[in-house]
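K.L.:
Next up is a structure, given as structure tokens.
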């Protein structure tokens with residue numbers, strides 16, 4: 002896939018744009034998978050009544066990255082980002098979001114169960 006904005010041609014004027022969905026035939030095709038491929042799977046969740054991604058094992062080595070290509074961006078223009086994540090009690094979790102605003106200012110938001118204190122540092 003060429004460099005550019007992944008969701009450039011998607012309608013984004015509605016209430017939401019779903020980007021992290023496990024629905025469909027091959028939902029992981031747009032993702033770059035790191036680590037053991039057998040540690041990342043798609044499973045049906047009865048409570049949610051839909052498919053979800055399940056990542057098991059070490060969160061430092063087993064990862065999913067979107068977009069797949071490094072030079073590509075998502076190109077999202079929505080005001081809000083909502084993450085719906087279930088982390089089992091006692092399990093570690095981390096996610097990193099790299100955000101560039103309309104003024105081309107880059108910010109990194111790193112959420113993790115490993116860190117116990119809030120820290121703010123410039124990029």
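Numbering (the working numbering), first residue to last: 2 to 124. Ideal placement from N, C-alpha and C gives every residue a C-beta, glycine not left out. Predicted, not measured: the structure shown is a model, and the values here were computed from it.
What residues in its chain sit with their C-beta under 8 angstroms from that of residue 43, if we drop five residues either side in the sequence?
P.N.:
Result list for residue 43: 23, 28, 29, 52, 53, 54, 55, in chain order.
K.L.:
Shortest alpha-carbon distance to residue 19 belongs to which of 107, 61, 79, 62?
P.N.:
When only C-alpha atoms are compared, the closest one is 79.
K.L.:
Determine the direct distance from the alpha carbon of residue 25 to that of residue 121, and round the result to whole angstroms.
P.N.:
One alpha carbon belongs to residue 121, the other to residue 25, and they sit about 38 angstroms apart.
K.L.:
Look at the alpha carbon of residue 91 and the alpha carbon of residue 98, and state the distance between them as a whole number of angstroms.
P.N.:
Those two C-alpha atoms are separated by around 23 angstroms.
K.L.:
Grab me the residues of residue 102's own chain with a C-beta within less than 6 angstroms of its C-beta, minus the 5 sequence neighbours each way, in chain order.
P.N.:
none
K.L.:
Run through the DSSP bridge pairs and tell me what residue 51 is partnered with.
P.N.:
46
K.L.:
Can you name, in chain order, every residue of its own chain whose Cβ lies under 8 angstroms from the Cβ of residue 83, other than the five neighbours on each side?
P.N.:
Only residues of its own chain outside the window of five on either side were considered, and among them 17 have a CB closer than 8 angstroms to the CB of residue 83, listed in chain order.
K.L.:
By how many angstroms is the C-alpha of residue 111 removed from the C-alpha of residue 95?
P.N.:
Using only the alpha carbons, I get a separation of about 7 angstroms.
K.L.:
Name the DSSP beta bridge partners of residue 17, please?
P.N.:
Note: residue 17 sits in no beta bridge, so no partner.
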